[in-house]
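What follows is one structure encoded as structure tokens, with my remarks underneath.
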Amino acid sequence: MRNGERGIPKSRIQVRDMDPAVDVRGLTKVYEGKFKALDGVDLTVEKGKVFALLGPNGAGKTTLIRILTTQFTPTSGEAYVFGKNVVHDGSEVRKIVSYVPQEMGVWTDISGYENLLIYAKIYGIPSQERKKIILDALEKIGLTDFANSLVSTYSGGMIRRLEIVSALLIKPVLLFLDEPTIGLDPSARKIVWEELTSFKEEYGATVFFNTHYMDEADLYSDEIGIINRGKIVAMGTPAQLKHSVGGDVIRLDVEGEVISEGIMNKLRSLSLVSQVAVQDSELNIVVRDSETALPVIVETLRKQRVSVRKISMTKPTLDDVFLKYAGTRLEPSGRVSEVRQARAMIKRG
Amino acid sequence: MNIFFRNVFAMVELELRRVAHDRTELYSRAVQPILWLVVYGPVMSGVRAIPTGNIPYTDYITPGVLIQSTTFVSIFYGLTIVWERESGILKKLLVTPAPRYSIVIGRSMASGVRAVFQAIIIVPVALFVGVRFVPNLAYFALALLVIFIASAGFAALSILLASFVKTRERMMGIGQAITMPLFFASNALYPVQMMPPILRDFAVVNPLSHVVGAVRALMISGDLSSLPVDLAAMLVFDMMMFAAASICFKRIIE
Chain X
71 MRNGERGIPK SRIQVRDMDP AVDVRGLTKV YEGKFKALDG VDLTVEKGKV
121 FALLGPNGAG KTTLIRILTT QFTPTSGEAY VFGKNVVHDG SEVRKIVSYV
171 PQEMGVWTDI SGYENLLIYA KIYGIPSQER KKIILDALEK IGLTDFANSL
221 VSTYSGGMIR RLEIVSALLI KPVLLFLDEP TIGLDPSARK IVWEELTSFK
271 EEYGATVFFN THYMDEADLY SDEIGIINRG KIVAMGTPAQ LKHSVGGDVI
321 RLDVEGEVIS EGIMNKLRSL SLVSQVAVQD SELNIVVRDS ETALPVIVET
371 LRKQRVSVRK ISMTKPTLDD VFLKYAGTRL EPSGRVSEVR QARAMIKRG
Chain D
2 MNIFFRNVFA MVELELRRVA HDRTELYSRA VQPILWLVVY GPVMSGVRAI
52 PTGNIPYTDY ITPGVLIQST TFVSIFYGLT IVWERESGIL KKLLVTPAPR
102 YSIVIGRSMA SGVRAVFQAI IIVPVALFVG VRFVPNLAYF ALALLVIFIA
152 SAGFAALSIL LASFVKTRER MMGIGQAITM PLFFASNALY PVQMMPPILR
202 DFAVVNPLSH VVGAVRALMI SGDLSSLPVD LAAMLVFDMM MFAAASICFK
252 RIIE
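Going down the list, the protein sequences come from chains X and D. Each residue of the first sequence is one higher than the one before, counting from 71 in this note's numbering. Each residue of the second sequence is one higher than the one before, counting from 2 in this note's numbering.
Right, dumping it as structure tokens:
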């Protein structure tokens, strides 16, 4: 129920139960007629879930989130947020979602309190409730003492928390976060997630976030979609995905030489081996039974005159999942420090 | 409260709060107009080459200088918008339920409010160098309103440009490329009649001429005969700019 023509959510907007939070079909986005950022994405996120879109930089995560938040239109395909078409019912979508951009969503030349005040006014929070809501929000994120300091004096983690809490003022039914913790140190990341989790528990909202941190997707999401080169390559709960790798992972650090395709094929032909991948001098082999398979693998390698420096056996991680479906590792690249620098620059104003 | 006015007021309040935190820009932007009034005005009035009727030359150019300094702030307002594009704020603002036009018009009016402050800083300097204003507070207040309306229109023009150029460097370049022609091809420093015919035609459609004309009538000459035309021209300019900037604004985050 919406509050008449003003369209300001007084309390949380009721959405129809049968509509999934996010429903995307055959979505593509081609930039300037050349670069295909999204290449036929199909995706459904159920209501009330925390969904992580996991993928390396340039995989299309940001493009997808920006289409879902009505910032631009897809080249083809359809996307719905709680049954509302993001292209045709953009203004309806914007009443129920909130969005935290990757860069920064607050003004740094005014105080934290003032930022929340401006957003509260934009969101149409009634003036008699405004002050209390803002002070509660600041208290919740531990910024009460800094309420009247300029945001430019805040740390990166403080700014992130302020951004998130400002997006929550509208009490969205669906919160989109684009790389919510990029560039933050581990303790600040943890605090951000604690706040997001408590918000979610309080309001039961759906959370859709982009990340390239596997541990975050693993720890905080109910469901993960792995995206690579504009395509969703795998979907499932963290456990399902890890299970889908099909066994244990043996990791071998080999001496300098390049592993030839011939050696790879020899390994693949072993009966216990279900998957082989190589990255630099690291060989990743997925096996059904690591205790039995390991001696065979080492023997095979020795016959091919490959000397092994180090062996480790692990349960599969999301990284292995990513390796299986995308064929490469999901390594944090130089982009993180880039983002960190950019944020520092934005902060200085 | 109507959603449009609510957002406009929020944007204006944002600007006021920014100004309250950092007034250095207001002061530094006052330096140039003060030089026009303190140096250029007295020197040129010594030359006595420009026919300004019975109005002393420095008095004649005071509205021009005021408008130059206030509208130029607005013409570069797009820099703020480009900055907010880079910093992610615009993306977030455009995902709020606030209609786009309310953001565009709100930001334009925010720039208009900043311009009024700018004007208020310069007026005492003008008084100090001996400029005689029409002693009528209502006229003075109306002149400030004119400055507000004009600056909002030019800020909308700047937002419109920012939606296309998207980078600070290009925005700087374009701003500089349009400010001087607007200024010199107007009645800010000399009567339009002194210009070559082509420029004279341009000066008639130059919105800056109408702004200067209105402010000169209200502040210096007290002759309001052309005020309705000037005000109408400004309002048309504002409406066009608000509409165009609102329509194109979404491009800025694409």
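Glycine is no exception: its CB is placed at the ideal position from the N, C-alpha and C atoms. In this text, all values refer to a predicted model and were calculated from it rather than measured experimentally.
*At a CB-CB cut-off below 8 Å, which residues of chain D make contact with Arg164(X)?*
Within chain D, the residues near Arg164(X) are Val96, Thr97 and Pro98.
_Would you call the stretch 178-187 of chain X in contact with the stretch 12-24 of chain D, where contact means no fewer than 3 C-beta pairs closer than 8 Å?_
Flag = yes, the stretch 178-187 of chain X and the stretch 12-24 of chain D touch.
*How many whole angstroms separate the CB atoms of Thr180(D) and Ile76(D), which I take to be in contact at a CB cut-off of 8 Å?*
Between Thr180(D) and Ile76(D), the beta carbon gap of about 6 Å places them in contact (Cβ cut-off 8 Å).
*Where Gly175(X) meets chain D, residues with beta-carbon distance less than 8 Å*: Within chain D, the residues placing a beta-carbon under 8 Å from that of Gly175(X) are Gly89, Ile90, Lys92 and Lys93, ordered along the chain.
*Return helix, strand or coil for Ile179(D), following the three-state DSSP convention.*
Secondary structure at Ile179(D): helix, using DSSP grouped into helix, strand and coil.
*Could you tell me the distance, in whole angstroms, from the CA atom of Gly74(X) to the CA atom of Phe246(X)?*
Low per-residue confidence applies at Gly74(X): pLDDT is 39, beneath 50, and the placement is therefore not dependable, though the value from the model is reported in the following sentence. Taken atom to atom, the span from the alpha-carbon of Gly74(X) to that of Phe246(X) is near 25 Å.
*Could you tell me whether the Cβ of Gly194(X) comes closer than 8 Å to any Cβ of chain D?*
Taking Cβ atoms only, chain D reaches closer than 8 Å to Gly194(X), which makes this a yes.
*For Glu170(D), which residues in chain X fall below 8 Å Cβ to Cβ?*
By Cβ distance, chain X contributes nothing, its closest Cβ being about 15 Å from Glu170(D), past 8 Å.
*Please confirm if Leu134(X) has its CB atom under 8 Å from at least one CB of chain D.*
Not an interface residue.
*Got a sec: is the Cβ-Cβ distance from Phe279(X) to anything in chain D below 8 Å?*
For Phe279(X), the answer is no, since every Cβ of chain D falls outside 8 Å of its Cβ.
*Going by other Cβ atoms of all chains shown within 10 Å of its Cβ, with 16 needed for buried, is Asp206(X) buried or exposed?*
Answer is exposed; the Cβ neighbour count stays below 16.
*Can you round the beta-carbon distance between Leu209(D) and Leu183(D) to whole angstroms, since I take them to be within the 8 Å contact cut?*
At roughly 5 Å, the Cβ-Cβ gap stays under 8 Å, so Leu209(D) and Leu183(D) are in contact.
_First through last residue of the beta strand (DSSP E) which encompasses Val356(X)_ = Here the beta strand (DSSP E) through Val356(X) covers Glu352 to Val357.
*Going by the beta-carbon positions, is the gap between Thr63(D) and Val132(D) smaller than 8 Å?*
Yes, the Cβ-Cβ distance between Thr63(D) and Val132(D) is below 8 Å.
*Quick one: using the 10 Å Cβ neighbour count with 16 as the cut-off for buried, is His313(X) buried or exposed?*
Classification for His313(X): exposed.
*For Gln420(X), does the three-state DSSP call read helix, strand or coil?*
An answer regarding residue 420(X) cannot be provided, because it is not within the stretch 71 to 419 covered by chain X.
*Please list, in chain order, all residues of the same chain as Ile104(D) whose beta carbon is under 8 Å from its beta carbon, the five residues on each side excluded.*
Only Asn8, Met12, Leu94, Leu95 and Phe250 meet the Cβ criterion.
_According to DSSP, simplified to helix, strand and coil, what is Gln141(X)?_
In the three-state DSSP reduction, Gln141(X) falls in the coil class, being neither helix nor strand.
*On the three-state DSSP scale, how would you describe Arg82(X)?*
Because the pLDDT of Arg82(X) is 45, which lies under 50, any placement of that residue in the model is unreliable, and the number read from its coordinates should be weighed accordingly. Arg82(X): coil per DSSP, three-state reduction.
*Gly54(D) vs Gly175(X) beta-carbon contact at 8 Å*: The Cβ-Cβ distance between Gly54(D) and Gly175(X) does not fall below 8 Å.
*Count the other C-beta atoms from every protein chain shown that fall within 10 angstroms of the C-beta of Pro79(X), then say buried if there are 16 or more, exposed otherwise.*
The predicted model places Pro79(X) with a pLDDT of 42, which falls under 50 and marks its position as unreliable; any figure quoted below should be read in that light. Residue environment for Pro79(X): buried (at least 16 other C-beta atoms within 10 angstroms of its C-beta).
_Are the CB atoms of Gly212(X) and Leu254(X) within a distance shorter than 8 Å?_
Result no, Cβ atoms of Leu254(X) and Gly212(X) do not sit closer than 8 Å.
_Assigned exposure category for Ala233(D) - 16 Cβ within 10 Å defines buried_ = Classification of Ala233(D): exposed, given that the 10 Å Cβ count is below 16.
_Just checking: is the beta-carbon of Arg76(X) within a distance shorter than 8 Å of some beta-carbon in chain D?_
Because the pLDDT at Arg76(X) is just 41, under 50, the model does not fix this residue reliably, and the value given afterwards should be weighed accordingly. Output row for Arg76(X): interface = yes.
*How would you call Thr25(D), buried or exposed, if buried means at least 16 neighbouring beta carbons within 10 angstroms?*
Around the beta-carbon of Thr25(D), fewer than 16 other beta-carbon atoms lie within 10 Å, marking it exposed.
*As assigned by DSSP and simplified to three states, the class of Thr178(X)*: When DSSP states are grouped into helix, strand and coil, Thr178(X) belongs to the coil group.
*Step through the CB atoms of chain X and report whether any lies within less than 8 Å of the CB of Glu26(D).*
By this cut-off, Glu26(D) is not an interface position.
*What is the DSSP secondary structure of Arg379(X), counted as helix, strand or coil?*
In this structure, Arg379(X) counts as strand in the three-state DSSP scheme.
*asked:* By DSSP's criteria, Lys99(X) is part of a beta bridge. Which residues make up the other side?
replied: BP columns for Lys99(X) point to Leu108(X).
*Of all the options Leu219(D), Gly107(D) and Phe134(D), which has the alpha carbon lying nearest to the alpha carbon of Ile160(D)?*
Per the Cα distances, Gly107(D).
*Could you tell me the boundaries of the alpha helix (DSSP H) in which Gln345(X) lies?*
It is not in any alpha helix (DSSP H) - Gln345(X) instead sits in the beta strand (DSSP E) that spans Val343 to Gln349.
*Considering only C-alpha positions, which residue in the set Pro126(X), Ala309(X), Ile135(X) and Glu102(X) is nearest to Val94(X)?*
Nearest option by C-alpha distance: Ile135(X).
_For Met334(X) and Ala347(X), I'd like the C-alpha separation in whole angstroms._
Counting only the Cα atoms, Ala347(X) lies some 8 Å from Met334(X).
*asked:* Under 8 Å, Cβ to Cβ, is there at least one residue of chain X near Leu158(D)?
replied: No, no contact with chain X.
*Assign Pro229(D) to buried or exposed, taking buried as 16 or more other Cβ atoms, counted over all protein chains shown, within 10 Å of its Cβ.*
Burial call: exposed.
_Let's see if you can read the secondary structure: which residues bound the beta strand (DSSP E) around Asn298(X)?_
It spans Glu293 to Asn298 - the beta strand (DSSP E) in which Asn298(X) sits, taken as one unbroken run.
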